[in-house]
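So the protein lines, in turn, are chains A and B.
So the first sequence is numbered by the numbering used here: it starts at 629 and just counts up by one.
So the second sequence is numbered by the numbering used here: it starts at 629 and just counts up by one.
These notes are about the structure you will find just below.
Protein chains: 2
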Amino acid sequence: MRDISIIGIGQTPVGEHWGRSLRHLAYDALHLAMKDAGTERVDALYVGNMLSGEISGQAHIGPLIADFAGLRGIEAVKIEAACASGAAAFRQGVIGVASGYQDVVAVVGVEKMTDDVGSRLTAGLASAADADYETVHGVTFVALNALIMQRYMHEYGLSKGDFANFSVNAHANGANNPNAMFRRAISKETFMRAGVVANPVSLFDASPMADGAAAAIICPTRLAREYTDKAVHVLASAIATDSLAVHDRKNPLWLQAAEDSAHTAYRQAKITPAELDFFELHDAFTIMAALSLEAAGFAKAGQGTRLAVNGDIALDGKLPIATMGGLKARGHPVGATGMYQIVEAALQLRGEAGKNQLPHARLGMTQNIGGSGATIGTHIFKSSE
Amino acid sequence: MRDISIIGIGQTPVGEHWGRSLRHLAYDALHLAMKDAGTERVDALYVGNMLSGEISGQAHIGPLIADFAGLRGIEAVKIEAACASGAAAFRQGVIGVASGYQDVVAVVGVEKMTDDVGSRLTAGLASAADADYETVHGVTFVALNALIMQRYMHEYGLSKGDFANFSVNAHANGANNPNAMFRRAISKETFMRAGVVANPVSLFDASPMADGAAAAIICPTRLAREYTDKAVHVLASAIATDSLAVHDRKNPLWLQAAEDSAHTAYRQAKITPAELDFFELHDAFTIMAALSLEAAGFAKAGQGTRLAVNGDIALDGKLPIATMGGLKARGHPVGATGMYQIVEAALQLRGEAGKNQLPHARLGMTQNIGGSGATIGTHIFKSSE
């Protein structure tokens, strides 16, 4: 299997892009990534996206985006795994380069959520859950997370305040990210008095819907130095799955696919979790941040929030998370999020994270969650030094 | 790059499956393929599907189908490339095995079209075309094909009867395929007097919408003999793309992506088109059959219909096509069609095509078209003898 590196990255700001359509956003990110890599050659394009059909009436966006980005004719395809579409697309890119069929591969995650003419967004997002056994009962995606959070708080005797620092930390970091949707720090008090969305999930537990695109160019490591002297090595790439319906799992409070994909990734990278310098996790809801930390091996079951309470997750803590704002403050354009995480990890490892730069960023991990944990993609990256 | 073989195949009948949902159909085909291969081990699942979100309110069907098929936890993802989703998923499976990340891979193409509660099917199918520059004008997918056919007939001085044999041949072959949706032969007269759908496309030019699923299990050729003595070798696997909007192409009457992917495939397989014993092409409309034959190198521009008129495309002709009924008579469950073509090619190469068995089936090609030619996947297969 060939070693693989990221040679270029690009992203659009996350937000409400009323003047840019799906194809424009994807183009913007791809153009920046290709320019960053200094390449006009791309052998194949993988597009991570969830909702183009539902929201934009547009399927078949692989060739659409390839053509619009000036790459007409290349192999191009859409990969869909709900909110994990970004990591799933990156994973297919890695597999493509590893196979030898493709050398220079572009991956873009893109989502256009705000231009929701048919008012299909809530239903579209709920399609990440089991339509026949969950959604049919009227449950939305927020409600599903609320049920999990409620049970978690009950089971482990936690209160709302235990989750506050996930949100406070994300907003503090987002304030310094020029591409973040929300660039204001919040206090614990703001978190505590926020309006309830679906009890116990309140406004600052939940990440915002948004438009955006993020892209990376990858190639075999032995070719990478022809393009750049700041290549980021892909040390591990793993996807695992679980039942779509939460009630079908042995334990609804354990992300088995996070444990499985993280442990596969640790084996591939030949590292232990303790060696990681930071962790870009999937804080779509504060409860998911806690569950992700636990399943990836950073805390025991029911103790994920302690890392937040203790400040371990801050930029100067033991395990910085959401270093550029996370889903909570950077924003969560669902099918693009996994690629934002990867681009942000690359920024840290290239020493280009601005005011949020970690002093010793050598090993970083990203974890992208689809649905309530049915698809989880974990990647580990290493700086070139 | 590792050599790859198909070790198991399975399919459901194509038709209106009111008693089986998306997940059931996928399960049925996967179960048959795994049984055929004699394996319960599957490392990864690739699902080809176009419309699960729009029609069934269900995204995220990779893990859903993996779980339902008894494969909870494995890497699983959905691949979407409109009507070429089947070939695109198979292509990702081939890349997955070639990469060394995965050994035993399952690919299933599945589509559930008839249970269209929200009446979104026509709009859903049109989303294969360019939403901002084609569909916005009210054009349906049939209308787009009608425009192409009209122009083709005008340009090359052809009449409706020149296309008849594509349909007559498909229906004759479908009559002997127990999995075909339409199992009645038709006459040229029936074709000629059929009602117009969108002039000049009439009922027997157009393939029917349907439900169905088809699956294959693939693995490295060196492992194949552990599973079966009738492995089918994957000699070539190629995808090429073109602009989504037909008006953006230099020549709207030439399938550039078919030429590109076919020629890539010929190079990989080290064969010339003349060596092929049969060709499972994408006769979603009779015009697409003609264009596919031309772009793949079997006829000059404007002369594709001659192969039909001359009878060359029949089972005893020079280049049999649609040997099990094609999209026209077997039916066209859009995201599943590419996998039906591959399963049918495997049946011919294994000598299991029943009454439609070709006497000397050694080399076969499949070509799956997405949209009006924006994604085209071409695969070449060889029998084990």
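No residue lacks a Cβ here, since even glycine has one placed at the ideal position from N, Cα and C.
(request) State yes or no: is the beta carbon of Leu986(B) nearer than 8 Å to at least one beta carbon in chain A? (result) no
(message) Does the contact criterion of 3 or more C-beta pairs under 8 Å hold for the region 974 to 992 of chain A versus the region 763 to 779 of chain A?
(response) no
(request) Under 6 Å Cβ to Cβ from Thr1006(B), same chain only, skipping five residues before and after it: list those, please. (result) Ala866, Ser889, Ala890, Ala893 and Gln995
(message) Taking beta-carbon pairs under 9 Å, can you tell me which members of the region 680 to 693 of chain A lie near chain B?
(response) Ser680, Gly681, Glu682, Ser684, Gly685, Gln686, Ala687, His688, Ile689, Gly690, Pro691 and Leu692
(request) Return the chain-ordered list of same chain residues with a C-beta closer than 7 Å to the C-beta of Lys740(A), the five sequence neighbours on each side being excluded. (result) Ser649, Leu650, Leu653, Ile683, Ser684 and Asp839
(message) I'd like to confirm something about Ile997(B): is its beta-carbon nearer than 7 Å to some heavy atom of the ligand FMN, or not?
(response) Of the ligands one can find in the structure shown there are none, so the ligand FMN has no counterpart to examine.
(request) With Val796(A) as the anchor, note down where its alpha helix (DSSP H) starts and where it stops. (result) Ala792 to Gly802
(message) Against chain A, with Cβ distances strictly below 8 Å, would Met967(B) count as a contact?
(response) no
(message) For Glu584(B) and Gly930(B), what's the separation of their Cα atoms in angstroms?
(response) A query on residue 584(B) cannot be resolved here, the shown segment of chain B reaching from 629 to 1013 and no further.
(message) Cβ closer than 8 Å: which chain B residues qualify as neighbours of Thr1003(A)?
(response) His688, Gly690, Pro691, Ala704 and Val705
(message) List, in chain order, every chain B residue whose beta-carbon is nearer than 7 Å to that of Leu872(A).
(response) His688, Pro691, Leu692 and Asp695
(request) Output, in chain order, the set of chain D residues within a Cβ distance shorter than 9 Å of Ser755(A). (result) The question asks about chain D, but that chain is absent: this structure's protein chains are A and B.
(request) Measure the alpha-carbon distance for Gly959(A) versus Phe794(A) and round it to whole angstroms. (result) 14 Å
(request) Kindly list, in the order they appear in chain A, the residues whose Cβ is closer than 9 Å to that of Asp631(B). (result) Residues of chain A passing the Cβ test: none, with the nearest at roughly 12 Å.
(request) Specify the secondary structure class of Pro901(B) as computed by DSSP and reduced to three states. (result) helix
(request) With distances taken Cα to Cα, identify the nearest neighbour of Ser1012(A) among Leu975(A), Arg934(A) and Ala726(A). (result) Leu975(A)
(message) Would Tyr655(B) pass as an interface residue toward chain A - the criterion being a Cβ-Cβ separation below 8 Å?
(response) no
(message) By the three-class DSSP mapping on this structure, what secondary structure does Ser865(A) have?
(response) strand
(request) For Val825(A), collect the residues of the same chain with a Cβ closer than 7 Å to its Cβ; drop the 5 residues on either side in sequence, then sort them by chain order. (result) Val770, Leu831 and Ala834
(message) Please state whether the Cβ-Cβ distance between Ala726(B) and Arg811(B) is less than 8 Å.
(response) no
(message) With H, G and I counted as helix, E and B as strand and the rest as coil, what does DSSP make of Asp848(B)?
(response) Before going further, note that residue 848(B) is Pro rather than Asp in the sequence given. Pro848(B) falls in the strand class under three-state DSSP.
(request) Rounded to whole angstroms, what's the CA-CA distance from Leu977(B) to Thr856(B)? Just pull it up for me. (result) 14 Å
(message) Along the region 758 to 773 of chain A, where does the CB come closer than 8 Å to a CB of chain B? Name the residues.
(response) Asp758, Ala759, Asp760 and Thr763
(request) State the start and end residues of the unbroken beta strand (DSSP E) segment that holds Asn996(A). (result) Leu991 to Gly998
(request) Take the Cβ of Ala927(A) as the centre, count every other Cβ of all protein chains shown within 10 Å, and call the residue buried at 16 or more, exposed below. (result) buried
(request) Evaluate Met820(B) with the Cβ neighbour count: other Cβ atoms within 10 Å of its Cβ, from every protein chain shown; 16 or more gives buried, anything less gives exposed. (result) exposed
(message) Am I right that Val860(A) and Phe718(A) are in contact with their C-beta atoms under 8 Å? What's the rounded C-beta distance?
(response) No, Val860(A) and Phe718(A) are not in contact; Cβ-Cβ is about 12 Å, not under 8 Å.
(request) Go ahead and pull the three-state DSSP assignment for Glu972(A). (result) helix
(request) List the residues of chain B whose Cβ lies closer than 8 Å to the Cβ of Gly701(A), in chain order. (result) Ala868, Thr869, Asp870, Gln884, Ala885 and Asp888
(request) Can you pull the chain B residues whose beta carbon is under 9 Å from the beta carbon of Gln720(A), in chain order? (result) Val705, Ile707, Gln720, Ile723 and Gly724
(message) To the nearest angstrom, how far is the alpha carbon of Leu673(A) from that of Gly823(B)?
(response) 41 Å
(message) So for Thr750(A), helix, strand or coil by DSSP?
(response) helix
(request) Just tell me which of Leu851(A), Ala924(A) and Thr933(A) has its CA closest to the CA of Arg895(A). (result) Ala924(A)
(request) Assign Arg850(B) to buried or exposed, taking buried as 16 or more other Cβ atoms, counted over all protein chains shown, within 10 Å of its Cβ. (result) exposed
(message) Please state whether the Cβ-Cβ distance between Ile707(B) and Ala716(B) is less than 8 Å.
(response) yes
(request) Pull out every residue of the region 636 to 649 of chain B whose Cβ sits closer than 9 Å to any Cβ of chain A, in chain order. (result) Ser649
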